[in-house]
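Only one structure is covered here, and it is reproduced in the block below.
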Amino acid sequence: MSHIAVFLDRDGTINQEVHYLHRAEQLKLLTGAGQAIRRLNQLGLKVVLATNQSGVARGYLTEEELDRIHKLLKEMLAEHGAHLDAVYYCPEMPDSGSACRKPEIGMMEQAAQDLDIDLRRSYMVGDMAIDMEMGRRAGAKTILVLTGYGEKARAEGVQADFVAHDLAEAARWIERDLKGR
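Residue numbers (our numbering): 424 to 604.
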């Protein structure tokens, strides 16, 4: 049987929003994010990072520097007993038309293939309209977190299956939702 996954946006969902985060020292976990991901891990869910990173195409950082940031993120999560099962990112510009760039579902489709994930039983958690749109297009349940740009997204009328204060509340909702299946 295919796995259930929780797809997570990065900036503003797991870590503090920084405009084009491009240096490791800018990476700061949001309060409770490590513990929330640990809980998702304990539930037996695949936890997958899916993030647009046009800073690469814009020349703010190289893919090697981005890989170092993701390595540090994994180390920070490990300090909380948490892990990511996979990291997917799209380095393309917003107007590139790339299938990997949110709100397109290329990153989710690739993860589904790589990790045997059932997208229709999975979840997408993020702080922006494009996160919710990607989740909807893939058939996943969507959770808008009010961290990062989430408050702005809610004020603009972005629709989601659930609105959570933060990733910790999103994880609790996912746990309840799974029990209701």
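Beta carbons are placed, not taken as given, at the ideal position from N, Cα and C, and that holds for glycine.
Could you say which of Leu452, Asp490, Asn464, Glu515 lies nearest to Met480 if we only look at CA atoms?
-> Reading the sequence shown from its first residue, position 57 is the one you call residue 480. Per the sequence shown, residue 480 should be read as Ala rather than Met. Nearest of Leu452, Asp490, Asn464, Glu515 to Ala480, Cα basis: Glu515.
Please specify which runs of the alpha helix (DSSP H), each continuous and at least 4 residues long, are wholly inside the stretch 498-525, giving them in chain order.
-> none
Residues in its own chain within less than 6 Å of Phe585 by CB, not counting five upstream and five downstream?
-> Numbered from its first residue, the sequence shown carries residue 585 at position 162. Excluding residues within five positions, the ones whose Cβ falls inside 6 Å are Ile566, Trp596.
Can you say whether Lys469 is buried or exposed, counting buried as having 16 or more other CB atoms within 10 angstroms of its CB?
-> Start at 1 with the first residue of the sequence shown, and residue 469 comes out as number 46. Burial call: buried.
Please state whether DSSP places Ala459 in a helix, a strand or coil.
-> Locating residue 459 in the sequence shown gives position 36, counting from the first residue. If DSSP states are grouped into helix, strand and coil, Ala459 belongs with the helices.
Identify every residue that forms a DSSP beta bridge with His493.
-> Mapped onto the sequence shown, residue 493 falls at position 70. Bridge partners of His493: none, in fact.
How about the stretch 539-547 and the stretch 481-488: do they share at least three Cβ pairs that are nearer than 8 Å?
-> no
Three-state secondary structure (DSSP) of Gly603 | Your numbering for residue 603 matches position 180 in the sequence shown. Of the three classes helix, strand and coil, the one that applies to Gly603 here is coil, per DSSP.
Which of helix, strand or coil DSSP assigns to Met551 = One-based indexing of the sequence shown puts residue 551 at position 128. DSSP places Met551 in coil when its eight states are reduced to three.
Quick one: is Asp589 buried, meaning 16 or more other Cβ sit within 10 Å of its Cβ, or exposed?
-> The residue labelled residue 589 in the question sits at position 166 within the sequence shown. Its Cβ being crowded by 16 or more others within 10 Å, Asp589 is buried.
When you compare each of Gly457, Ala576, Ala583 to Glu498 by their alpha carbons, which one comes out closest?
-> Position 75 of the sequence shown holds residue 498. The residue with the shortest Cα to Cα distance from Glu498 is Gly457.
Taking the alpha carbon of Thr474 as the point to measure from, which residue in Gly455, Pro526, His506 has its own alpha carbon closest?
-> Taking the sequence shown and counting its residues from 1, the one referred to as residue 474 is at position 51. Among Gly455, Pro526, His506, the Cα nearest to that of Thr474 is on Pro526.
Would you call the stretch 542-560 and the stretch 442-451 in contact, with 3 or more CB pairs under 8 Å?
-> no
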